[in-house]
Each structure stands twice: as structure tokens, then as C-alpha cells.
Amino acid sequence: MIESLAAICTGPETPLELAQVLVAPPRSGEVLIEIVSSGLCHTDLTALEGINASTVYPLIPGHEGVGRVVEVGTDVSSLRPGDHVIPLYGPECGTCAMCQSNRTNLCWSIKKTRDMGVMPDGTARFSRNGAVVHHFMGTSTLSRYTVVPEIALAKIRKDAPLDKICLFGCGVTTGVGAAMTHVKHGDKVAVFGLGGIGINIVQGARICGAQQIIGVDINPDKIDLGRYYGMTDFIDASDPSADAVTAIRDLTLGGVDVAFECSGILSVMRQAFESAVPGWGQAVLLGVEPAGSEMQFAPVGVRYGKSIHGSYFGGVKGRSGLAPLIDLFMEGEIELDAQITHRMPLQDVNRGFDLMRKGQSLRSIIDFE
Ligand SMILES: [Zn+2]
Ligand SMILES: [Zn+2]
Numbered sequence: 001m002i003e004s005l006a007a008i009c010t011g012p013e014t015p016l017e018l019a020q021v022l023v024a025p026p027r028s029g030e031v032l033i034e035i036v037s038s039g040l041c042h043t044d045l046t047a048l049e050g051i052n053a054s055t056v057y058p059l060i061p062g063h064e065g066v067g068r069v070v071e072v073g074t075d076v077s078s079l080r081p082g083d084h085v086i087p088l089y090g091p092e093c094g095t096c097a098m099c100q101s102n103r104t105n106l107c108w109s110i111k112k113t114r115d116m117g118v119m120p121d122g123t124a125r126f127s128r129n130g131a132v133v134h135h136f137m138g139t140s141t142l143s144r145y146t147v148v149p150e151i152a153l154a155k156i157r158k159d160a161p162l163d164k165i166c167l168f169g170c171g172v173t174t175g176v177g178a179a180m181t182h183v184k185h186g187d188k189v190a191v192f193g194l195g196g197i198g199i200n201i202v203q204g205a206r207i208c209g210a211q212q213i214i215g216v217d218i219n220p221d222k223i224d225l226g227r228y229y230g231m232t233d234f235i236d237a238s239d240p241s242a243d244a245v246t247a248i249r250d251l252t253l254g255g256v257d258v259a260f261e262c263s264g265i266l267s268v269m270r271q272a273f274e275s276a277v278p279g280w281g282q283a284v285l286l287g288v289e290p291a292g293s294e295m296q297f298a299p300v301g302v303r304y305g306k307s308i309h310g311s312y313f314g315g316v317k318g319r320s321g322l323a324p325l326i327d328l329f330m331e332g333e334i335e336l337d338a339q340i341t342h343r344m345p346l347q348d349v350n351r352g353f354d355l356m357r358k359g360q361s362l363r364s365i366i367d368f369e
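See below:
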């Protein structure tokens with residue numbers, strides 16, 4: 001057992017508690033990680049607010065981290081102490097039907113136990129005063145030490161700066177990956193919502209050679225950052241007279257090849273579908289809608305060749321697909337600095353989530369060192 005400073009969520013709508021937890025040694029197929037940095041992501045906030053179905057309290061949030069391997073359990077063959085790793089909320093076991101298919105990056109081999117806040121053997125490695133503290137998303141990166149299954153760890157090159165590449169654990173990979181999965185050279189693209197995901201879709205679309213990248217947001221303050229990452233046009237959706245669909249059709253002479261939606265708002269999802277060009281246009285949905293929601297759209301659009309897709313972690317298989325993206329970052333193709341708006345120690349984690357709630361941060365990073 002080792003002691004670890006961690007942020008603990010004891011229940012919905014309560015501030016995170018900073019406390020020492022005990023972390024049990026890794027068991028078979030598990031790895032003990034020392035977290036170096038962890039970005040704060042909106043999905044953590046859903047656990048704090050009690051609107052995430054896959055939460056068992058008390059829990060340690062965090063799913064956008066990076067760290068070093070401290071100790072491996074039995075039957076761990078691909079990692080050893082000192083390796084740099086990014087924990088994955090979507091594992092890659094390599095042997096299930098999903099992993100063997102090139103049609104999806106999903107792997108549900110340990111989804112059931114992950115959603116129950118425990119390791120694949122059904123128990124948790126965290127405890128506090130003798131009581132269980134649950135894992136969250138299988139990662140719990142807001143703890144100095146965490147235990148993660150080997151199949152949910154991506155090994156990465158050691159020369160990549162750990163205080164930045166934590167963002168590949170969620171936001172950057174989700175955005176850049178989604179663009180790389182769906183955008184072709186010369187495409188016209190729309191991005192609804194220029195937050196942490198949307199801004200990386202803009203960046204990914206630029207890398208893919210999109211000729212036109214239209215950002216849509218209710219906050220015109222996003223214009224400069226959007227343009228920095230490659231946005232060519234902006235539609236201010238806060239203007240009550242704004243009709244984003246008509247504006248996009250006018251700007252593109254008929255619609256975009258790919259429309260990405262990152263807001264989780266059903267009416268915006270429909271706007272994304274409607275702004276896709278007939279014949280082949282795609283709407284790609286990334287925003288998470290309120291549980292139980294249903295979307296309405298005109299089927300004639302599908303009959304005329306439009307399609308609706310979704311994207312999870314950018315369509316990237318975590319263990320095999322993260323290293324090439326980090327190479328792109330190290331070569332200067334992917335940029336991170338402009339999207340890191342705040343840095344703070346774990347002691348200030350509640351301030352980090354407050355900034356997120358108020359929309360005052362794009363990405364805050366918790367530094368453990
Ligand atoms: Zn996330
Ligand atoms: Zn699998």
C-alpha cells in the first residue's frame with residue numbers, strides 16, 4: 001500500500017475533497033502509475049454534478065492524464081517501470097470482436113466493471129480510512145498514484161513533454177482524431193461548438209487539408225483562437241437573427257462535406273445534419289446529449305445521400321493509435337500551447353472546475369510535479 005494525495009468526489013454537487021488515500025498494489029494484468037499531469041475535462045464535471053450514469057461515489061475523477069509506470073502486476077508483459085503512459089478510458093484488449101474490427105475503436109471487454117468504478121476483478125484499489133474509494137472511467141488521474149489495467153494504457157515516447165501531452169488522454173485525440181477519421185483533403189467543414197473538442201477538430205481539419213473550416217459558437221471571443229487553429233469563417237450563433245444552416249449553405253454554395261457537432265444540444269445536432277451537403281455530406285455527432293434524448297431529422301436527407309455518424313475518442317484505438325498522434329505533436333503539426341489556458345496544483349482543483357463551469361477556461365492542467 002502507498003499513500004497518495006487525491007481529489008475525492010463524495011457525492012453530487014459537493015466540492016472535491018483533497019485527502020490522502022491508500023493505493024493497493026497492482027494485481028494481475030494491472031499497473032501502478034505515478035501521474036505527472038492531468039487535464040480537467042467536462043466529463044469529470046458530469047460526475048461532480050451527478051449526471052453521469054457510470055459513477056459510484058465516493059470516487060476519484062480524472063481521465064486526461066499522463067504518468068510513469070511505477071510497478072506492474074503479474075501477467076503484465078508490455079510495460080515496465082519507468083515507461084511513460086497515457087491511461088485510456090477506452091481500452092484496447094486486442095482480442096475482442098471490436099478490437100479485431102477496423103470499423104470501430106470501441107472495446108467493451110472491461111466496460112461493465114469500469115462503469116461500476118472497480119478494476120476488472122471487481123474490486124477497487126483505492127481506500128480511505130478503511131472504506132472503498134471508487135475508480136472513475138477506469139483512470140482516476142486526479143490522484144498522484146492510480147492503478148489502471150494494462151490494456152487501458154498507451155505507451156508513449158519518453159521525449160514528449162508530460163505537462164502537455166496529458167491532453168491526448170481525451171480532448172485533443174477526440175477532436176483531431178474525429179477530423180482525421182472523417183475529413184478529406186479539399187473538404188468544406190463546419191464545427192458547431194468551439195470548446196476543447198471543437199477547437200481540436202478545427203486543428204485536425206486543417207491538418208487534413210480542408211479548404212474551408214466554418215466555426216459556429218455563441219461566444220465571439222472564440223474567433224481569435226479558432227482562426228489560430230485554422231478556422232476560415234465564423235458564425236455568431238448568439239445573434240438571434242443568425243440562421244447557421246442558411247449561413248453555412250451560403251458560404252459553401254450548398255452545404256459542407258462534414259459537419260461536426262460538439263455541444264450535446266439536440267437542435268444543434270439537427271443543424272449539423274441540415275448543413276451537410278446533399279449527396280454525400282456527413283454529420284458527425286460528438287456532444288453528449290441529456291440521457292434519454294431522441295433526435296428528429298428529415299429522412300429525405302438520408303435518402304439523398306447524407307449520413308449521420310458518431311465519434312468516440314476520435315475513432316482512435318488507444319493503445320495502437322495514440323503514438324502516431326504524439327509524433328505529429330512532436331513534429332509541430334499538432335499545437336497544444338494555445339489551448340492550455342490555466343495550470344494549477346491539485347490543491348486548486350475546485351478552482352479549475354469553477355473556471356470550467358463559468359466558461360472561463362479552455363483547458364486547465366493539474367500539475368503534480
Ligand atoms: Zn474527456
Ligand atoms: Zn477489445
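For the sequence shown, the UniProt record's numbering begins at 1 and goes up steadily by one. Using N, Cα and C, we set each Cβ at its ideal position, and we do this for glycine too.
Could you check which residue in Q271, G196, R227 has the C-alpha nearest to that of A242?
-> Q271
Going by beta carbon distance, what residues of the same chain come within less than 6 Å of T55, once the five residues before and after it are set aside?
-> A47
Cα-Cα separation, F260 to N129 = 46 Å
If you draw a straight line from the alpha carbon of S101 to that of D348, how long is it in whole angstroms?
-> 42 Å
Residue range of the beta strand (DSSP E) that includes L22 | 17-23
Does the segment 2-13 come within contact of the segment 142-160, defined as at least 3 CB pairs closer than 8 Å?
-> yes
So, do the segment 327-346 and the segment 115-129 have three or more beta carbon pairs nearer to each other than 8 Å?
-> no
If you run the structure through DSSP and keep just helix, strand and coil, what is T252?
-> helix
Nearest CA to the CA of I33: which residue from P81, S77, V172?
-> P81
Assign S311 to buried or exposed, taking buried as 16 or more other Cβ atoms, counted over all protein chains shown, within 10 Å of its Cβ.
-> buried
Quick one: what's got a C-beta closer than 7 Å to I197's C-beta in the same chain, skipping five residues either side?
-> G171, T174, G175, C262, L286
Residues bridged to V36 (per DSSP) = For V36, which the question treats as bridged, DSSP gives no partner whatsoever.
Just the C-alpha distance for A124 and T139, rounded to the nearest angstrom, thanks.
-> 12 Å
Does the beta carbon of C99 fall short of 7 Å from some heavy atom of ligand 2?
-> yes
Nearest residue (CA-CA) to E294, options I265, V300, G281 = I265
Through-space distance from L194 to L362, alpha-carbon basis | 9 Å
State the start and end residues of the unbroken alpha helix (DSSP H) segment that holds D354.
-> 349-357
Is any heavy atom of ligand 2 found at a distance shorter than 7 Å from the C-beta of E150?
-> no
Which ranges would you report for the beta strand (DSSP E) in the segment 48-87 if only whole runs of at least 3 residues count?
-> 65-72, 84-87
Ordered list of beta strand (DSSP E) runs contained in the UniProt domain "Alcohol dehydrogenase-like C-terminal" (196-323), each at least 3 residues = 212-217, 233-236, 258-261, 282-285, 307-310
For Y89, count neighbouring Cβ atoms within 10 angstroms of its own Cβ and tell me buried if that reaches 16, exposed if not.
-> buried
Please list, in chain order, all residues of the same chain as A190 whose beta carbon is under 6 Å from its beta carbon, the five residues on each side excluded.
-> I214, I248, V256, A259, S275
For C41, is the beta carbon positioned less than 7 Å from some heavy atom of ligand 2?
-> no
Counting Cβ pairs, one atom from each stretch, are 3 or more of them under 8 Å apart for the segment 58-77 and the segment 277-286?
-> no
With hydrogens ignored, establish whether the beta-carbon of G315 is closer than 7 Å to any heavy atom of ligand 1.
-> no
Residues bridged to E30 [DSSP beta-bridge criterion] | P149
Ligand 1 heavy atom lying under 7 Å from the CB of H63 = yes
Using only alpha-carbon positions, find the residue among S38, D239, A298 that is nearest to P220.
-> D239
When burial is assigned at 16 or more other CB atoms within 10 Å of the CB, is residue 374 buried or exposed?
-> Residue 374 lies beyond the stretch modelled for the chain, which goes from 1 to 369, so this question has no answer here.
Can you tell me whether DSSP reads C166 as helix, strand or coil?
-> helix
With hydrogens ignored, establish whether the beta-carbon of C262 is closer than 7 Å to any heavy atom of ligand 1.
-> no
For the putative contact between V70 and H84, defined by C-beta atoms under 8 Å, what is the C-beta separation to the nearest angstrom?
-> Not confirmed; about 12 Å, so no contact.
Where the alpha helix (DSSP H) containing H182 begins and where it ends | 171-182
Contact check, E64 vs S320, beta carbons under 8 Å | no
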